[in-house]
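Peer 1: Numbered by UniProt numbering, the letters in the sequence shown go through residues 1 to 282 in order.
Don't be surprised by glycine CBs; every beta carbon is placed ideally from N, CA and C.
These numbers were taken from a predicted model, which means no experiment stands behind them.
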Amino acid sequence: MEPLSLLVLLVMGVVAGAINAAVGSGSLLTLPVLMALGLPPGVAVRTNTVGMFFSTVGSVLGYRREISEERRHLTPLVLTALLGASAGALLLLTSPAEALDVVVPVLIVVALALVVLQKPLTTALRSRSENRAEHRAAADGAGAEGATDAGASSDGSERSPLRSPALVGSIGAASVYGGYFTAAQGVLYLGILGVFTGRPMGSVNSVKNLLSLCVNLAAALIYMIAFFAVDAQVVWAASAAIAVGSLLGGFFGAHLAKRLPEWALRGVIVVVALVALFREVV
């Protein structure tokens with residue numbers, strides 16, 4: 001790979017790492033660029049996943065205090081994310097190359113739609129969830145509400161929304177997607193965590209970053225094993241350029257990304273991904 005291409009990937013990695021830490025979907029900068037540089041879709045996904053793993057390392061380090069406060073509730077989510085991502089990565093490895101030529105560009109378009117529509121989708125889902133909760137509370141009555149409060153105070157770990165079976169199951173499904181494709185998994189996690197916990201996105205961002213780390217770790221390990229076992233190609237020079245950039249972006253750039261308006265971050269993602277997709281199609 002040419003030095004100029006590696007420099008472009010390094011710069012994109014920095015920006016993607018910062019965006020991943022702030023709102024997720026940073027891979028929509030690096031993955032389309034890899035494809036525009038001529039990598040087949042499957043190779044591009046594997047190369048990107050290995051490189052972007054380091055962005056999640058930087059993000060988790062940046063949020064280590066917040067993650068520590070939640071750690072006693074996170075075991076089911078972490079295990080589910082690891083299993084789901086492993087299944088998704090194996091699915092990518094066993095998918096025919098001809099199918100990936102069609103599926104991956106389509107998934108990029110879907111991921112772009114998620115980035116653009118994240119806020120209205122999350123608002124609609126959260127409103128629906130809150131309406132259901134209000135209806136249940138009205139049906140149960142004040143006595144049942146008091147019993148619920150008492151149970152929550154006596155066993156806080158069991159009542160944590162982070163241990164909800166519905167949340168864990170939804171994270172599992174999103175992690176299969178993340179292991180298969182990676183791009184925009186953070187958007188999915190933020191939406192799911194916001195809906196099922198009722199918390200604002202800023203307060204669940206640390207959990208999102210930890211889950212993204214788990215997914216990228218599981219998928220990257222599987223791709224590395226497959227590289228040596230069955231010659232599943234990974235462009236290591238490109239992965240290294242993305243890794244260096246995304247590690248710096250995830251750790252240092254997150255503070256800058258958080259100060260920028262979300263519309264600006266989403267705008268960067270959409271423009272870069274559309275340009276790279278246009279080059280791929282043309």
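Look at the alpha carbon of S164 and the alpha carbon of L74, and state the distance between them as a whole number of angstroms.
Peer 2: Approximately 11 angstroms between the Cα atoms of the pair.
Peer 1: Rounded to whole angstroms, how far is the Cβ of L121 from the Cβ of I171, which I believe are closer than 8 angstroms?
Peer 2: Not really, about 17 angstroms apart at Cβ, beyond 8 angstroms.
Peer 1: So, for A81: in the same chain, excluding its five sequence neighbours on each side, which residues have a beta-carbon less than 7 angstroms away from its beta-carbon?
Peer 2: The answer, listed in chain order, is I171, S175, L211, C214 and V215.
Peer 1: Might you give, ordered along the chain, the residues of its own chain that have their beta carbon closer than 7 angstroms to the beta carbon of A111, omitting 5 neighbours on each side?
Peer 2: For A111, where only same-chain residues beyond five positions count, the Cβ hits under 7 angstroms are S25, L28, A183 and A184.
Peer 1: Indicate whether T30 and L9 have their beta-carbon atoms separated by less than 8 angstroms.
Peer 2: Their beta carbons are under 8 angstroms apart, which means T30 touches L9 by this criterion.
Peer 1: Are the beta-carbon atoms belonging to residue 287 and V168 less than 8 angstroms from one another?
Peer 2: With the chain represented from 1 up to 282, any question about residue 287 goes unanswered, as that position is not in the structure.
Peer 1: Is the beta carbon of V104 sitting closer than 8 angstroms to the one on V45?
Peer 2: Contact flag set, yes.
Peer 1: Does the beta-carbon distance from L247 to G62 come in below 8 angstroms?
Peer 2: Taking 8 angstroms as the Cβ cut-off, L247 and G62 do not qualify as a contacting pair.
Peer 1: Would you mind stating whether L92 and G58 have Cβ atoms separated by less than 8 angstroms?
Peer 2: No, they are not a contact pair.
Peer 1: Taking a contact to mean a Cβ-Cβ separation below 8 angstroms, would you say F54 touches A232 in this structure?
Peer 2: Not closer than 8 angstroms, so no.
Peer 1: To the nearest angstrom, how far is the alpha carbon of A241 from that of G250?
Peer 2: Near 14 angstroms, if we compare the C-alpha coordinates of G250 and A241.
Peer 1: Using alpha carbons as the reference points, say which of V234, Y223 and F228 lies closest to A87.
Peer 2: Residue Y223 is the option with its Cα nearest to A87.
Peer 1: Are there 16 or more other CB atoms within 10 angstroms of the CB of S68, so buried, or fewer, so exposed?
Peer 2: S68 should be labelled exposed.
Peer 1: Can you tell me whether V43 is helix, strand or coil according to DSSP?
Peer 2: In the structure shown, V43 sits in a helix (DSSP, three-state: H, G or I).
Peer 1: Does the beta-carbon of K119 have 16 or more other beta-carbons within 10 angstroms, so that it is buried, or is it exposed?
Peer 2: With fewer than 16 Cβ atoms within 10 Å of its Cβ, K119 is classed as exposed.
Peer 1: If you draw a straight line from the C-alpha of E2 to the C-alpha of G13, how long is it?
Peer 2: Roughly 16 angstroms separates the two Cα atoms.
Peer 1: Sorted by chain position, which residues of the same chain lie with C-beta nearer than 6 angstroms to L107's C-beta, five sequence neighbours on each side aside?
Peer 2: For L107, where only same-chain residues beyond five positions count, the Cβ hits under 6 angstroms are F181.
Peer 1: Is the beta carbon of L100 sitting closer than 8 angstroms to the one on L188?
Peer 2: Result no, Cβ atoms of L100 and L188 do not sit closer than 8 angstroms.
Peer 1: Let me check understanding here. Comparing Cα to Cα, which of T56, A21 and A22 lies closest to A219?
Peer 2: Minimum Cα distance to A219 is reached at T56.
Peer 1: Determine the extent of the alpha helix (DSSP H) in which V11 is found, giving its start and end residues.
Peer 2: Unbroken alpha helix (DSSP H) run through V11: P3 to A22.
Peer 1: Which residue wins for smallest C-alpha separation from I19, given the options G186, P200 and A237?
Peer 2: Ranking the options by Cα distance to I19, first place goes to G186.
Peer 1: In three-state DSSP terms, what is R199?
Peer 2: It is coil, neither helix nor strand.
Peer 1: Measure the C-alpha to C-alpha separation of S160 and T94 and round it to an integer number of angstroms.
Peer 2: S160 and T94: Cα-Cα distance of roughly 37 angstroms.
Peer 1: For T47, I'd like the list of residues in its chain whose CB is within less than 7 angstroms of its CB, leaving aside the five on either flank, ordered along the chain.
Peer 2: Excluding residues within five positions, the ones whose Cβ falls inside 7 angstroms are L34, L39, V234, V235, A238 and S239.
Peer 1: Judging by CA-CA distance, which residue of L221, A264, A85 and P261 is the nearest neighbour of G51?
Peer 2: Per the Cα distances, L221.
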